[in-house]
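Working notes for the structure below.
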Amino acid sequence: MTQPRQLPPAPAPHARKRSPIPWVIFAVLVVVAGIVLVPKLLDDGNADNGTLPVAAAEQDPLLVAVQKCDPAKTGMKLSDNNRKLTVKGAGEKSSDGLSASALTCVFDTLQVPGALVDRMYGTVEDDGGLQGDWPGYAVSWTNDQDEGLKLTVTRS
Numbered sequence: 002m003t004q005p006r007q008l009p010p011a012p013a014p015h016a017r018k019r020s021p022i023p024w025v026i027f028a029v030l031v032v033v034a035g036i037v038l039v040p041k042l043l044d045d046g047n048a049d050n051g052t053l054p055v056a057a058a059e060q061d062p063l064l065v066a067v068q069k070c071d072p073a074k075t076g077m078k079l080s081d082n083n084r085k086l087t088v089k090g091a092g093e094k095s096s097d098g099l100s101a102s103a104l105t106c107v108f109d110t111l112q113v114p115g116a117l118v119d120r121m122y123g124t125v126e127d128d129g130g131l132q133g134d135w136p137g138y139a140v141s142w143t144n145d146q147d148e149g150l151k152l153t154v155t156r157s
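At the far end of the sequence shown sits residue 157, using our numbering, and the numbering has no gaps.
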């Protein structure tokens, strides 16, 4: 008996190697998209405001300053839905108002820049009313040696 003739095995189809370049390009695009889009998605709209002081991170920084620095409310007054703080410092002839240490407490609580504080204390009556600002706040003030430093801080 004859055996059927066996055919040689069929050659394996040519295995084509795929280039990793498309996957590398895809991975780079995903990383770039993540770098660009993730900060925009996580941004809560504060990018236009610039850096806010630590006091602005609290719920109501002006109210915190009143509670912390003038609990008797003898020299500070809040108005305009807690957006405006009027502060009266004591002078040589007018002892009603905040002491120098209470004013320092206000400046520290609201994180008023040192140069602006120096400018306020360096103002004399003849200078009249002056203005300044720092991130999140604007201030106008007068300083009379007899009547003391009077300022109005407005939260923006």
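The beta-carbon is built from N, C-alpha and C at its ideal position, and this holds for glycine as well.
Residue i by DSSP, collapsed to three states: which one?
i	result
Val25	helix
Gln112	coil
Arg156	strand
Ala58	Note on Ala58: pLDDT 49, under 50, position unreliable in the model; the coordinate value appears next. DSSP places Ala58 in helix when its eight states are reduced to three.
Gly149	strand
Leu162	The structure shown does not extend to residue 162, since the chain is modelled only from 2 to 157, so the question has no answer here.
Leu117	helix
Ala48	Reliability fails at Ala48, whose pLDDT of 49 lies under 50, so the model's placement of it is uncertain and the value that follows must be treated cautiously. In the structure shown, Ala48 sits in a helix (DSSP, three-state: H, G or I).
Thr105	helix
Val31	helix
At which residues does the beta strand (DSSP E) containing residue i begin and terminate?
i	result
Ala139	Tyr138 to Asp145
Gly133	Leu131 to Trp135
Do residue i and residue j have their C-beta atoms closer together than 8 Å?
i	j	result
Gly76	Ala103	yes
Gly130	Trp142	yes
Lys74	Thr87	no
Asn83	Leu64	yes
Leu111	Pro62	yes
Arg156	Gly137	yes
Val140	Gly133	yes
Grab the span of the alpha helix (DSSP H) containing residue i for me, first residue to last.
i	result
Leu64	Pro62 to Cys70
For residue i, write down the residues that DSSP places opposite it in a beta bridge.
i	result
Met77	Val88
Val8	Before going further, note that residue 8 is Leu rather than Val in the sequence given. Note: Leu8 sits in no beta bridge, so no partner.
Val99	Residue identity differs from the one stated: residue 99 is Leu in this sequence, not Val. Answer by DSSP bridge pairing, in chain order: Gly90.
May I ask you to verify whether the segment 142-151 touches the segment 88-101, counting CB pairs closer than 8 Å and requiring at least 3?
yes
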